[in-house]
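Just below is one structure, and these are the notes that go with it.
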Amino acid sequence: MQTQPLPGFRDFYPAEFAFRAHLFETWRRVCRRYGFEEFDGPPLEPLELYTAKSGEEIVGQLYNFEDKGGRSVSLRPELTPTVARMVAARAGGMKKPIRWFSIGQMFRYERQQRGRLREFFQLNCDLMGEPGPLGDAEVIALAIDLVRAFGLEADQVRVRLSDRRVLQALLRGAGLTAEQLPSAYAVIDKLERMKPEQVADIREDRDERFGPGVGARLLEVAALRGWPDVQAALAKVEGGAEAGAPFAEVLKALEAMGLAGFVDVDLTIVRGLAYYTGTVFELFDAGRSLRAIAGGGRYDELLKLLGGVDLPAVGFAIGDVVLGELLKERGLVPPAPAAIEVFVAGVTAEDQPHVLQLAHLLREAGLRVEYALRAENLGKQLKLADTRSARVAVVIGPDDRARGEVQLKDLAGKTQRAVALARVADDVKAMVADG
RNA sequence: GUGGUUGUAGCUCAAUCGGUUAGAGCGCCGGACUGUGGCUCCGGAGGUUGCGGGUUCGAUCCCCGUCAGCCACCCCA
1 MQTQPLPGFR
11 DFYPAEFAFR
21 AHLFETWRRV
31 CRRYGFEEFD
41 GPPLEPLELY
51 TAKSGEEIVG
61 QLYNFEDKGG
71 RSVSLRPELT
81 PTVARMVAAR
91 AGGMKKPIRW
101 FSIGQMFRYE
111 RQQRGRLREF
121 FQLNCDLMGE
131 PGPLGDAEVI
141 ALAIDLVRAF
151 GLEADQVRVR
161 LSDRRVLQAL
171 LRGAGLTAEQ
181 LPSAYAVIDK
191 LERMKPEQVA
201 DIREDRDERF
211 GPGVGARLLE
221 VAALRGWPDV
231 QAALAKVEGG
241 AEAGAPFAEV
251 LKALEAMGLA
261 GFVDVDLTIV
271 RGLAYYTGTV
281 FELFDAGRSL
291 RAIAGGGRYD
301 ELLKLLGGVD
311 LPAVGFAIGD
321 VVLGELLKER
331 GLVPPAPAAI
341 EVFVAGVTAE
351 DQPHVLQLAH
361 LLREAGLRVE
371 YALRAENLGK
381 QLKLADTRSA
391 RVAVVIGPDD
401 RARGEVQLKD
411 LAGKTQRAVA
421 LARVADDVKA
431 MVADG
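In the numbering used here, the protein residues as written are 1 to 435.
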């Protein structure tokens with residue numbers, strides 16, 4: 001029997017679980033500040049829910065199998081199809097815009113690497129039913145505040161922001177046909193990882209996918225950085241101003257929220273080739289040594305494709321793996337909370353029933369309590385209390401009992417005082433609340 | 001799926017040119033310590049050196065395979 005989990009899967013021992021809980025609790029808190037409601041769907045879905053959106057090739061990356069009823073099913077690799085399915089089923093009855101978030105475990109059958117496992121948790125946020133740019137800005141702001149809540153600021157994390165409508169207008173202006181656009185997106189997406197020779201091939205017309213001079217102009221578009229340069233380029237192409245209008249509104253809104261300092265306008269953010277129709281963004285650590293922390297954008301056609309309901313939508317996902325690595329790297333992991341607040345210790349074996357009674361009384365009062373499960377000398381019991389990071393120790397011995405009292409120890413302050421038995425719960429609560 | 005690289009105790013690491021019983025720190029368990037914790041001291045448990053094969057008188061060390069981790073590619077919803 002091996003003690004290791006399957007490749008790409010993780011065990012969460014208490015320390016790791018505490019960190020995971022910290023991520024989830026922070027995510028929930030911030031999402032609720034934006035009025036987003038939590039939901040969840042099944043971890044197992046019909047296989048076709050994914051092949052319909054991504055094609056048969058996706059099956060190679062899925063944990064799919066046939067269930068005992070002969071159905072082709074898959075563990076979920078992402079949440080968007082489930083969202084689309086659920087929203088489509090009840091879209092008519094829901095007030096728009098719909099603000100939903102979910103935290104769930106996803107599964108992808110891929111070779112694991114740093115920041116990429118076969119099992120991971122993802123926060124998925126979607127705003128549905130709003131086509132305007134303030135919806136985009138709302139979602140981008142949420143993504144930024146989600147990482148800010150962990151202590152990451154603009155010097156440590158960057159949003160790279162693009163817009164498919166802007167990119168398309170500029171590429172058409174550069175002489176690309178509608179048919180060449182997918183190839184162009186693929187090139188732009190890969191540009192950073194390409195070898196210099198490959199880039200030269202495109203610049204010097206050795207790439208047969210593009211016409212004479214087109215490759216070089218494509219690279220010029222990809223090299224644009226910052227809104228002023230993008231805006232200037234848009235002014236020179238037909239329909240450019242109209243194509244750039246929503247993007248300008250998004251930037252203006254983020255500026256008004258005071259979050260513009262996080263944003264880099266960068267048209268090389270393409271995000272796959274899939275279903276994005278407008279704004280596209282990714283969050284990265286400022287040093288760019290890790291994979292993307294989060295990614296998303298506007299996908300106005302997807303809900304119609306998957307669920308048959310015509311709703312514009314904008315959303316993103318953020319995973320626990322890359323964000324977790326960044327937080328560890330930056331020393332932003334909070335200490336795990338203590339398991340108990342109070343330790344009850346008895347001096348002699350005769351005190352044991354009183355320890356049990358007192359411990360239960362304190363538990364009834366809502367306190368987190370532990371005591372020694374067998375008779376041990378007091379020093380040893382206090383050592384355990386200390387290891388457990390208890391705030392308070394309650395010591396009860398024959399002399400105390402004779403007086404109807406117990407000793408209350410402040411374990412951090414090294415102070416101790418006698419307290420009447422009847423007052424123990426209240427006094428301990430007060431000490432714990434002082435924190 | 002392809003290529004490269006690394007695997008020694010729960011964790012971090014050591015072990016001479018291939019040499020005889022694989023060590024240390026931390027952690028864990030017990031004791032010093034039967035009315036007071038963090039310190040200290042003493043003792044103990046814990047290893048198929050990832051696994052399998054080969055070379056050798058002898059392998060943690062060299063070779064092959066395999067599994068796992070890491071890195072790059074593919075992919076990245």
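Heads up, the beta-carbon is just placed ideally off N, CA and C, and yes, glycines get one too.
Predicted model, so just to flag it, every value in this text is computed and none were measured.
Check, Outcome
"Among the residues of its own chain, which have a CB less than 8 Å from the CB of V406, if the five just before and after it don't count?", "L358, V394, V395, I396, D400, A418, V419, L421 and V424"
"Could you please give the first and the last residue of the uninterrupted beta strand (DSSP E) stretch that includes L408?", "E405 to D410"
"Could you check where the beta strand (DSSP E) with A106 kicks off and where it finishes?", "In the sequence under discussion, the amino acid at residue 106 is Met, which differs from the Ala named in the question. I98 to F107 is the extent of the beta strand (DSSP E) around M106."
"Just mark N377 as buried or exposed, buried being the case when its beta carbon has 16 or more other beta carbons within 10 Å.", "exposed"
"Reducing DSSP to helix, strand and coil, say where E492 ends up.", "Residue 492 falls outside the range modelled here, since the chain spans only 1 to 435, and no answer is possible."
"Count Cβ pairs between the segment 222–238 and the segment 198–207 that sit closer than 8 Å; are there 3 or more?", "no"
"Any idea what DSSP makes of L161, helix, strand or coil?", "strand"
"Do you know offhand how far P334's Cα is from D320's?", "16 Å"
"Can you give me the start and stop residues for the alpha helix (DSSP H) that A200 sits inside?", "P196 to R203"
"Kindly identify the DSSP beta-bridge partner or partners of A248.", "BP columns for A248 are empty, so no partner."
"Strictly by DSSP, which residues pair up with A393?", "F343 and K409"
"For V314, which residues of its own chain have a beta-carbon under 6 Å away from its beta-carbon, when the five flanking residues on both sides are left out?", "L127, G135, D136, V139 and R298"
"For the segment 303–335, list the beta strand (DSSP E) runs that are entirely contained and at least 3 residues long, ordered along the chain.", "313–319"
"P353 by DSSP, collapsed to three states: which one?", "helix"
"At which residue ranges does the segment 65–100 contain complete alpha helix (DSSP H) runs of 4 or more residues, listed in the order of the chain?", "80–90"
"What three-state label does DSSP hand T415 in the structure shown?", "strand"
"Going by the beta-carbon positions, is the gap between A149 and T26 smaller than 8 Å?", "yes"
"Between the segment 148–164 and the segment 233–240, are three or more C-beta pairs nearer than 8 Å?", "no"
"Using only the alpha-carbon positions, how far apart do E37 and A174 sit?", "43 Å"
"Measuring alpha carbon to alpha carbon, tell me which residue in K68, P43 and L251 is nearest L161.", "L251"
"According to DSSP, Q61 sits in a beta bridge with which residue or residues?", "The partner list for Q61 (beta bridge, DSSP) is empty, contrary to what the question assumes."
"Could you give the DSSP three-state label for E110: helix, strand or coil?", "coil"
"With a 10 Å radius around its C-beta and 16 neighbouring C-beta atoms as the bar for buried, classify K409 as buried or exposed.", "buried"
"Kindly indicate which residue of L290, Q4, Q61 and A241 has the alpha-carbon position closest to the one of T328.", "Residue identity check: residue 328 is Lys in the sequence provided, not Thr. Of the candidates L290, Q4, Q61 and A241, the one whose C-alpha sits nearest the C-alpha of K328 is L290."
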